[in-house]
Every structure is written in C-alpha cells, then in structure tokens.
Amino acid sequence: MLKLICQIILVLPICILAQESECNLNNFKTSDIVPNIIPKVPEKPMTIEYKDHPVTCGNQLDLNTTHDPPTVVDYEADKTKYYTLIMFDPDVPYPQNRSLQSFRHWLIENIEGNLVNNGDLVSSYYRPTPPSDSDSHRYIFLIYEQPDSMKLNDHFDNNERTNFDVPKFVQERNLTGPVAGNFFLLHP
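Read left to right, the sequence shown gives residues -18 to -1, 1 to 170 (mature numbering (1 follows the signal peptide of the UniProt record, and there is no 0)).
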C-alpha cells in the first residue's frame, strides 16, 4: 500500500503539469476569437513554448518572455503536405477599438509537415508590443493546410503588417483549416 501511495505522489505532479500545459480549444470561443476573428475553432491544439513558458489557449505571458520567437512550435501534421503558420494580434490598437483590424506578427509558408524552421519566411517574427495603456491583447497562432507547395503572390506587401485580414488571406490562398491553433494574452 505504501508503495502505491509513493507511486501516486510521484506521478501526480506530472499529471498536474500536463493538465496545466494543455490547450482547451473551447477557449477560442470564450475569448471571442470564434466567430468574431476567425469562423471556426482549430481542429487540434498546437504546442507553443517561449523559453519554457507554454502557451495554453489563453494564458497570460509577459513582454520579456515573448521578445524572441517561440522556442517550440509543434503540431500534428501529415509529412506529405504543406502548411502555413500565421501569428497575429486582432486587438490593434486596443481591444475596445480594433480599427487597424489585425497586426501580422509572423508568417511562414511552405512548411513541409511540421518542420517550421524549413518553411519559407514571409514575415519575420515581430515581438508583441501592445500600447502601455491597453488592456490585454490576444496573440493567435494558426496553422492552415496548403493545397500544394505554393508561393504567395508577388503583390503581397510584406512591409504592411496592419489591417491583415486573416479570413481574406486564407480564402485568397485557398488554405484549409485552421488545422491547429493556440493563443496567449499579454498585458503591457
């Protein structure tokens, strides 16, 4: 009996940690991302970590933690297919006044399977920088499946990051999904 209690005590912290790092996709609805920003909840969660700080579908992170790109980006993928990663902030300039629609923080296309580092970088990582007098902003990561190994059209303006319309972008590129997603909150 004592041996069983010891085993439970040793396993319990691992189970609690696993529960804390899990992404509840229903949070996309409770955080007003679906249907206000994107039309549907991602099919599966994706793993995002910043310097050992997991992103768990709505947890709070800070400016220092998110200064550099995530150290872990992973999701369930078919190795024979290509994917697009989009990271954006829909709360620009303020959550109460989203007049600039969404700000594109990161965009990678032609990702073979889940090999994000081997994809084509379209927009380099731009660290979160909400105004100091703002409420929390939502920073959303989405993975979409591409119809093939396509390139973005030449007219795509990489320098213009504001007014990024994710549903329009997805429709124009004929992307499917989102097949995976995650998000965090950041209060300046």
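The beta carbon of each residue, even a glycine, is placed where N, CA and C say it ideally should be.
In the same chain as D102, and ignoring 5 residues on each side of it, the C-beta atoms closer than 6 Å to its own belong to E91 and N92, in chain order. F166 has its alpha-carbon roughly 17 Å from the corresponding atom of P113. For Q153, the three-state secondary structure derived from DSSP is helix.
Setting aside the 5 residues that flank it on each side, Q83 is surrounded in the same chain by P72, V74, T144, N145, F146 and D147, each with a C-beta closer than 8 Å to its C-beta; the list follows chain order. One Cα belongs to C5, the other to F123, and the distance between them is close to 12 Å.
Bounds of the alpha helix (DSSP H) holding F10 are N9 to T12. Membership of V37 in any beta strand (DSSP E) is not indicated, and neither H nor E is assigned to it by DSSP.
Each residue's CA atom was taken as its position, placing Y65 and Y121 some 19 Å apart. Fewer than three pairs of CB atoms, one per stretch, sit closer than 8 Å, so the region 39 to 54 makes no contact with the region 149 to 159.
In this structure, the CA atom of Y126 is about 29 Å from the CA atom of P170. In the three-state DSSP reduction, N46 falls in the coil class, being neither helix nor strand. Looking at the backbone, the Cα of M28 and that of T111 are separated by about 23 Å. Take the alpha-carbon of P77 and the one of R86: they are about 16 Å apart.
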